[in-house]
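Below is one structure, written out as structure tokens, with a few remarks after it.
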Amino acid sequence: MSNIRTTTTIYKAELEYESTNATGNTVQIDMYGGDQKKHQSPTELLLSATAACSAVDVIQILQKKRKTIEGLQVVAQGTRREQHPKHFTDILLSFKLSSPDTSREELQKIVALSVDKYCSVAATIRGVAKVRYESEIV
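Take the sequence shown: its letter number 83 is residue 469 in this note's numbering, and every next letter is one higher.
The following block contains the structure:
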């Protein structure tokens, strides 16, 4: 697999965009607010990408440990600067795992490993935003 990733983003309509990767998968993006909002904004996609990237790692590690996974939810909450560029300064990832045979301590170690070592999205933004995490068994 190549180390280069490519997406192409096109303008569709006022405040609406579509981004497509090399295999043809698309993501709809919009900049609407309130009731007009149909899709995620670019900054929301960054939060989603960080959450998904770390979730993939957590699940893979749990599977390697042969743990029972009944569900995983990751909530990503970001705080942005007031001035331009309004980038994230702090991102909190909150993991909630449903697993009858995983301890809280095991989950904490797995989440730390994911976010601090394996998640490429978190590694990419770490120099600009503080990436924090918390976890619980539900």
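Ideal Cβ positions, reconstructed from N, Cα and C, are used throughout, including at glycine. This one's a predicted model, so the numbers in the text were calculated from it and none came from an experiment.
Pairwise C-beta distances place the segment 496-504 in contact with the segment 427-445, as three or more of them are shorter than 8 Å.
Between the segment 507-522 and the segment 477-493, the count of Cβ pairs shorter than 8 Å is three or higher; the stretches touch.
Closest in alpha carbon position to THR454, among THR488, THR412, ASN389, ALA508, is THR488.
Assigned with DSSP and collapsed to three states, LYS503 falls in helix. Going by C-alpha positions, GLN426 is about 14 Å away from THR395. In this structure ASP416 is buried. Its beta-carbon is surrounded by 16 or more other beta-carbon atoms within 10 angstroms.
Within the same chain, and ignoring the five residues on either side of SER500 in sequence, the residues whose Cβ sits closer than 6 Å to its Cβ are SER440, ASP443, VAL444.
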